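As structure tokens, the structure follows; a few thoughts come after it.
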Amino acid sequence: MAPTAMPEPLLRASPILECCDIAFERDFVPIFSGLSFALRRGEMLQVSGANGAGKTTLLRMLATSLTPSTGQILWRGECLERCRAAYRSDLIYLGHQAGIKAELTPRENLHWLLPFHPNASGSAEEALSAVGLSGLEDSPCVTLSAGQQRRVALARLHLSTATLWILDEPFTAIDRDGVSRLEQLMRAHTSRGGVVILTTHQPLGLDGVRLLEMEPYVCA
Amino acid sequence: MSAPDVVPTLATGRAFRALLARDLTLAFRHRGEMANPLIFFVMVATLIPLGVTPESRQLAVLAPGVIWVMALLASLLSAESLFLADYRDGTLEQLVLSPQPLWLMVLAKITVHWLVTGLPLTLLSPLLGIMLSLPAAGFGPLMVSLALGTAALSMIGAIGAALTVAISRGGLLLSLIVMPLYMPVLIFGASAVQLAVDGMSPAGNLAVLGALLAFSCLLSPFATAGALRVSLHG
Amino acid sequence: MARTRPIMPAWFHRLGSPKGFYSMTTPWLPWLAAASLVLLIGGAVWGLGFAPADAKQGNSFRIIYIHVPSAFLALAGYYVMAVAGAIGLIWRMKLSFMAMKAAAPLGAALTLISLVTGALWGKPTWGTYWVWDARITSMLVLFFLYLGVIALHYAYTNGEAAGKAAAVLALVGTANIPIIYKSVDWWYTLHQPATIKLTEAPSMHPSMFQPLLVMIAGFYCLYALVLILNIRAEILHRERSSHWVVELARRGRS
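Chains A, B and C supply the protein sequences, listed in that same order.
Residue numbers for the first sequence follow this note's numbering, beginning at -14 and rising by one.
Residue numbers for the second sequence follow this note's numbering, beginning at 76 and rising by one.
Residue numbers for the third sequence follow this note's numbering, beginning at -4 and rising by one.
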């Protein structure tokens, strides 16, 4: 059955990702609680807070690596429990670690990651040159610097057609040129209707970014 | 993104094959590490004549069980490497987050693990048979029992590897928790060879080994997937 | 959280509250203690003192009055542990994980008792402390399964994840116990074709059997008592910063 196309303005109006009063406990110690927010297409959310406030935990939870202790997450209006596979195929998560194999070349790394994003498009060469790694496609990643390895992970963003980007400190070890490229990429993504959630300690050179401030949980 | 309500296909088969190919490539780039359990296997065979007796007839009595125990230990040594590297560089988390069913991805990894450790062990076992004076009747059943048995051991070891991947120096703990689960495989594998050497048919034992393998193939991917999520959650 | 799990009645979830469990079990303790004491002492005196001596084994067989109940409970205890773990995993019940954590060392201790009493039985009867027969070997493997669960639990620094991991391992062990027992049984018959089963309890006259039943019942009561005490201790430890525990400590001190 062909999906009925919603008119564009309505499409952008209803929230695509909603968190309703979610809480997380690690080892019975509350990390955060009572968190609620809604994101629409085209929005960017920066999660900020001191170390230990639970930013990475929140991002991992949104990436479904962790499950909330209470509360609900809704994706396109549906409870996450019911549409987990669809949600996972529509998101891309870049965490603290690069998430690439050091023994493989950048080209090979992107190649084996492609089937996990079934609707990925574009060529590995274009993606790698877009992050400034042209010429290094066939050197084993172990010979690249930490910043270059990070760029290989960022090249995934060029190939994937996922709507939701969850980026945990994506600017780590990236030089100024790389930072501006990444910011442009994120802006392009949101203007196409995508959603970006990120944490960063650096000031973002973008406007229109929503802010979620997290404070370390204090037991009453 | 132009058709937001269409759920993209999961391309599960392609993902399975991609993971298989990736892990095989990685294993071959680490050819040296791949050889370690095999070298261990051959070296410990030398310990028995040195520590017990070099006398051929006595070795022949011990051979079926000893070869099997050595194969079990070599398998145990290699079990830790199943998920550890992926956990350290973050690719394990990416695998757990992927939309494809985790149990199927785990099955791909275990398959490669067996191809890279269990299968070479099986192919190397006749050499040990010669070194330990295994009677001729035992060689065939030895290889068949090891082929089936090491596959079951890989399956069972994966559960332990998944449970201990987040623990520092978890290798010894892995051996502890997996060893009791290994015992039925050892019993039926070693006795299959023993029966053949004694002139009886090992077919029944080999069938039981096959059943153990089937049971572990059914149980292990799901238990391992669950254990991986627990490890990453903690 | 809209998770698909079996719907349970309200009392099931009330049972899962640590504080509720603590207050509910407080009146049970004296009864369980009394029952264990009566049954164990009565059974021990009856079995060790008054039951007729065995024709073949003389008085040394009397150790079965400790060996058999502890072996029974060692195996039953593993299932208790595994079921507690399963309930914890499915319904995410904290108390269930605490019960599992409490049951593990208890079961391991019982397995050790059965192994030691088995060895003590072996010495006067067959001349050696250790004999690799099917039953003892299966008990030994059960002991290793217990040790694995305990070791895994303690290796995790995160207590919540420790409970889940131990539960997964306990469930895997449960699926394997019948296989292990059958394999060891079969292995034993392969290597000892003789029909004598070494640790088989002698065919029992009712007057020998009845004190055994009493002992088994006594062991069950003792198991329940020690398990509940362990769970209560675990509850107090886990909830030590909560209001009701602080109140309890304060009242206890005054």
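Beta carbons are placed, not taken as given, at the ideal position from N, Cα and C, and that holds for glycine.
Every value quoted in this text rests on a predicted model; they were computed, and no experiment measured them.
Is it right to say A:A46 is buried, meaning 16 or more other beta carbons lie within 10 angstroms of its own, or is it exposed?
One point to set straight first is that residue 46 of chain A is Met, not Ala, in the sequence displayed. Buried, by the Cβ-count rule.
Sort out for me which residues DSSP pairs A:D153 with in a bridge.
A:T184
Minimum C-alpha distance to B:G213 - residue among B:S295, B:V136, B:G246 and B:N111:
B:V136
Exposed or buried, which one is B:F116 when buried takes at least 16 other CB atoms within 10 Å?
buried
Which two residues bound the contiguous beta strand (DSSP E) that contains A:W60?
Run containing A:W60: T55 to W60, per the beta strand (DSSP E) assignment.
Given that A:Q133 touches chain B, what residues does it touch there, using C-beta distances under 9 Å?
Near A:Q133 there are no residues of chain B at all, since even the closest Cβ is about 15 Å away, more than 9 Å.
Residues of the segment 150 to 165 of chain C with a CB closer than 7 Å to any CB of chain A: list them in chain order, please.
N153, G154 and E155
A:L125: which of A:N94, A:A112, A:A105 and A:T146 sits nearest, CA to CA?
Before going on, a small fix: residue 125 of chain A reads as Pro here, not Leu. Selected option, being the one with the closest Cα: A:N94.
Which residues mark the beginning and the end of the alpha helix (DSSP H) in which C:A129 is found?
Here the alpha helix (DSSP H) through C:A129 covers A129 to A150.
How long is the line joining the alpha carbons of C:I226 and C:Y215, rounded to whole angstroms?
About 16 Å.
I'd like to know whether the C-beta of A:P100 is nearer than 8 Å to at least one C-beta of chain B.
yes
Shorter than 8 Å from the beta carbon of B:V260 to some beta carbon of chain A?
no
Whole angstroms are fine: how far does the CA of C:L43 sit from the CA of C:A29?
21 Å
Any C-beta of chain B sitting closer than 8 Å to the C-beta of A:W97?
yes
What's the C-alpha gap between C:T190 and C:S55?
Reliability fails at C:T190, whose pLDDT of 46 lies under 50, so the model's placement of it is uncertain and the value that follows must be treated cautiously. Cα-Cα distance, rounded: 22 Å.
Where A:I85 falls: helix, strand or coil (DSSP)
coil
Determine whether the beta carbon atoms of C:L107 and C:F138 lie at a separation below 8 Å.
yes
Straight-line gap, B:F290 to C:A160 (C-alpha atoms, nearest Å):
Their backbone Cα atoms lie some 21 Å apart in a straight line.
Leaving out five residues before and five after B:P277 in sequence, what residues of the same chain have Cβ atoms less than 6 Å from its Cβ?
P216, A267, L270 and A271
Residue environment, A:P188, which counts as buried when at least 16 other CB atoms sit within 10 Å:
With fewer than 16 Cβ atoms within 10 Å of its Cβ, A:P188 is classed as exposed.
Tell me, which residues are paired with A:G34 by DSSP?
A:M199
Just list the residues that DSSP pairs C:I175 with in beta bridges.
None, per the DSSP bridge assignment.
Rounded to a whole number of angstroms, what is the C-alpha to C-alpha distance between B:P129 and C:P64?
46 Å
When you compare the CB of A:D12 with every CB in chain C, is at least one pair closer than 8 Å?
yes
Pairing CB atoms from the segment 96 to 103 of chain A with CB atoms from the segment 86 to 96 of chain B, are three or more of them under 8 Å?
yes
What residue range is occupied by the uninterrupted alpha helix (DSSP H) comprising A:I77?
Where A:I77 is concerned, there is no enclosing alpha helix (DSSP H), although the beta strand (DSSP E) it sits in stretches over L76 to L79.
Where does C:I2 fall in DSSP's three states?
coil
At least three beta-carbon pairs within less than 8 Å, the segment 197 to 209 of chain B to the segment 113 to 131 of chain A
no
8 Å Cβ cutoff, B:R106 in contact with chain A:
no
Would you tell me roughly how many angstroms separate the C-alpha atoms of B:L198 and B:N111, rounded to the nearest one?
15 Å
Under DSSP, the beta strand (DSSP E) around A:I16 begins and ends at which residues?
V14 to L24
Helix or strand or just coil, what does DSSP make of A:C68?
coil
From the beta carbon of B:P174, is the nearest beta carbon of chain A less than 8 Å away?
yes
Near-chain A residues of the segment 136 to 170 of chain B (beta-carbon distance less than 7 Å), N- to C-terminal order
D164, G165, T166, E168 and Q169
Using 8 Å as the threshold, is the C-beta distance between A:I7 and A:T55 below it?
yes
Closest to A:L51 by CA distance: which of A:R73, A:V116, A:A35 and A:G34 is it?
With distances taken between Cα atoms, A:L51 lies closest to A:R73.
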